[in-house]
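FYI, the numbering for the sequence shown is 1 to 309, going by the UniProt record's numbering. Just so you know, even glycine gets a beta-carbon here, dropped at the ideal spot from N, CA and C. What follows is a short report on a single structure.
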Amino acid sequence: MNSSLLDLVNLSLVSGYVPQAFKTAVIKPLLKKPSLDPGVLANYRPISNLPFISKILEKAVAKQLSDHLHRNELFEDFQSGFRAHHSTETALLKVTNDLLLASDNGLVSILVLLDLSAAFDTIDHNILLQRLEHVIGIRGTALKWFQSYLSDRFQFVHVHDEPSTRTKVSYGVPQGSVLGPILFTLYMLPLGYIIRKHSINYHCYADDTQLYLSIKPVNTNQLTRLQACLTDIKAWMTSNFLLLNSEKTEVIIFGPKNLRNNFSKIIATLDGIALASSTTVKNLGVIFDQDMSFNSHIKQISRTAFFHL
1 MNSSLLDLVN LSLVSGYVPQ AFKTAVIKPL LKKPSLDPGV LANYRPISNL
51 PFISKILEKA VAKQLSDHLH RNELFEDFQS GFRAHHSTET ALLKVTNDLL
101 LASDNGLVSI LVLLDLSAAF DTIDHNILLQ RLEHVIGIRG TALKWFQSYL
151 SDRFQFVHVH DEPSTRTKVS YGVPQGSVLG PILFTLYMLP LGYIIRKHSI
201 NYHCYADDTQ LYLSIKPVNT NQLTRLQACL TDIKAWMTSN FLLLNSEKTE
251 VIIFGPKNLR NNFSKIIATL DGIALASSTT VKNLGVIFDQ DMSFNSHIKQ
301 ISRTAFFHL
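As structure tokens, this is what we get:
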């Protein structure tokens with residue numbers, strides 16, 4: 001690393017100050033697909049670009065933060081997002097294996113896929129700083145650095161060489177940043193405590209949460225645990241400025257068809273909306289069916305492959 005750049009990074013860390021020039025993002029809207037109508041704003045995805053020097057500084061901090069989390073075993077055990085040696089595969093393998101073992105033991109399993117709306121954009125900075133201090137144990141100059149990192153951030157849109165006026169970003173983790181994803185997972189840490197309190201199995205990948213409960217077919221009354229868990233999750237997310245999208249939350253029941261029939265189609269309610277069991281759901285890019293055959297997923301992959309031939 002160039003000595004002047006190294007001095008800049010060290011000065012930021014020692015002083016607990018992030019230069020203002022590092023905290024302004026340029027937003028470039030890109031069409032989600034080339035075939036979409038460019039005249040419809042909803043067809044665009046905002047791409048946030050930060051100064052490359054700021055990312056070097058963030059990488060230095062991310063390395064120290066990750067080492068601290070590993071050393072003190074502060075990572076959420078069932079969070080596969082933004083962690084070394086973890087991915088959607090680890091999340092899917094854990095859940096799929098648990099569901100198959102439950103089926104082998106004659107149990108019926110209920111899987112609930114929670115959907116969060118714009119989760120990374122609604123993070124409250126004060127709550128995040130409290131997590132860093134009281135849960136992660138970051139204090140002194142290090143905490144002051146994160147306060148500086150999150151405060152006085154701005155963004156502007158740049159289209160056809162024309163910049164918009166700058167607007168202040170008061171919520172959310174910085175898009176396009178190195179630290180943003182890690183900070184999001186730390187913000188979500190209490191969610192695991194809430195789910196475990198109800199003895200419900202779960203696994204997360206970033207903002208995607210999988211809840212699952214395996215029970216004997218005659219014990220349908222145990223669904224009250226799932227309902228109570230969902231109620232507490234909704235309350236916690238509301239108090240932490242996270243928007244749980246009840247209409248996009250999905251439910252599926254696994255097990256032999258004759259055993260599945262013991263369950264009502266309406267498994268639970270969330271925010272006044274009935275959660276009905278589906279025949280298939282898409283979970284982290286994989287289509288799950290009630291028989292765990294993955295036939296629907298295989299057919300879709302085959303169609304996609306044939307289309308590209």
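Same chain, Cβ closer than 6 Å to residue 27, neighbours up to 5 away in sequence not counted | The sequence position of residue 27 within the sequence shown is 27, counting from 1. Contacts found: 46, 48, 155 and 157.
Give the secondary structure of residue 154 by DSSP, where H, G and I count as helix, E and B as strand, and everything else as coil.
-> Your numbering for residue 154 matches position 154 in the sequence shown. In the structure shown, residue 154 falls within a strand segment according to DSSP collapsed to helix, strand and coil.
Go ahead and label residue 251 buried or exposed: buried means 16 or more other beta carbons lie within 10 angstroms of its beta carbon, across all protein chains shown.
-> Your numbering for residue 251 matches position 251 in the sequence shown. Answer is buried; the Cβ neighbour count reaches 16.
Going by alpha carbons, who is nearest to residue 274 out of 133, 224, 246 and 219?
-> Position 274 of the sequence shown holds residue 274. Of 133, 224, 246 and 219, the residue nearest in Cα terms is 246.
When you compare each of 106, 80, 195 and 150 to residue 16 by their alpha carbons, which one comes out closest?
-> Residue mapping note: residue 16 aligns to position 16 of the sequence shown, counting from 1. The shortest Cα separation from residue 16 among 106, 80, 195 and 150 belongs to 150.
Nearest candidate by alpha-carbon position, reference residue 270, set 277, 230 and 305 | On the sequence shown, position 270 is the one that residue 270 refers to. Ranking 277, 230 and 305 by Cα distance to residue 270 puts 230 first.
Consult DSSP for residue 266 and reduce its assignment to one of helix, strand or coil.
-> Against the sequence shown, residue 266 aligns to sequence position 266. Residue 266: strand per DSSP, three-state reduction.
Closest by C-alpha distance to residue 132, when choosing among 94, 88, 178 and 185 = To locate residue 132, count along the sequence shown from 1; it is residue 132. Checked all of 94, 88, 178 and 185; the closest Cα to residue 132 is 185.
With which residues is residue 208 paired in a DSSP beta bridge?
-> Within the sequence shown, residue 208 is the residue found at index 208, counting from 1. Note: residue 208 is bridge-paired with 205 in the DSSP secondary-structure output.
Could you please give the first and the last residue of the uninterrupted beta strand (DSSP E) stretch that includes residue 45?
-> For the purposes of this step, residue 45 is taken as residue 45 along the sequence shown, with counting starting at 1. Start and end: 44 to 49.
Extent of the continuous beta strand (DSSP E) run through residue 219 = Here residue 219 is taken as the residue at index 219 of the sequence shown, counted from 1. Here residue 219 belongs to no beta strand (DSSP E), and DSSP marks it neither H nor E.
Which residue from 100, 77, 253 and 114 puts its Cα closest to that of residue 284?
-> Translated into positions along the sequence shown, residue 284 becomes position 284. Here the closest residue by C-alpha is 114.
For residue 281, the residue or residues it bridges with in DSSP | Indexing the sequence shown from 1 puts residue 281 at position 281. Its beta-bridge partners are 288.
Go ahead and pull the three-state DSSP assignment for residue 254.
-> Position 254 of the sequence shown, counted from the start, is the residue given in the question as residue 254. Here residue 254 sits in strand by DSSP.
At least three beta-carbon pairs within less than 8 Å, the region 211 to 219 to the region 122 to 138 = no
Which same chain residues, not among the five before or five after residue 87, have their C-beta less than 7 Å away from its C-beta?
-> Taking the first residue of the sequence shown as 1, we reach residue 87 at position 87. The answer, listed in chain order, is 80.
Leaving out five residues on either side along the sequence, give the residues of the same chain with a beta carbon under 6 Å from the beta carbon of residue 153.
-> To locate residue 153, count along the sequence shown from 1; it is residue 153. Within the same chain, Cβ atoms closer than 6 Å to the Cβ of residue 153 are found at 23 and 169, the five residues on either side in sequence being excluded.
Hey, residue 212 and residue 99: beta-carbon distance below 8 Å or not?
-> The residue you call residue 212 lines up with position 212 of the sequence shown. The residue you call residue 99 lines up with position 99 of the sequence shown. Yes, the Cβ-Cβ distance between residue 212 and residue 99 is below 8 Å.
DSSP three-state assignment for residue 135, whether helix, strand or coil = On the sequence shown, residue 135 is found 135 positions in, with the first residue counted as 1. Looking at residue 135 - three-state DSSP - the assignment turns out to be helix.
Evaluate the contact criterion for the region 68 to 80 versus the region 48 to 58: three or more CB pairs, one atom per stretch, below 8 Å.
-> no
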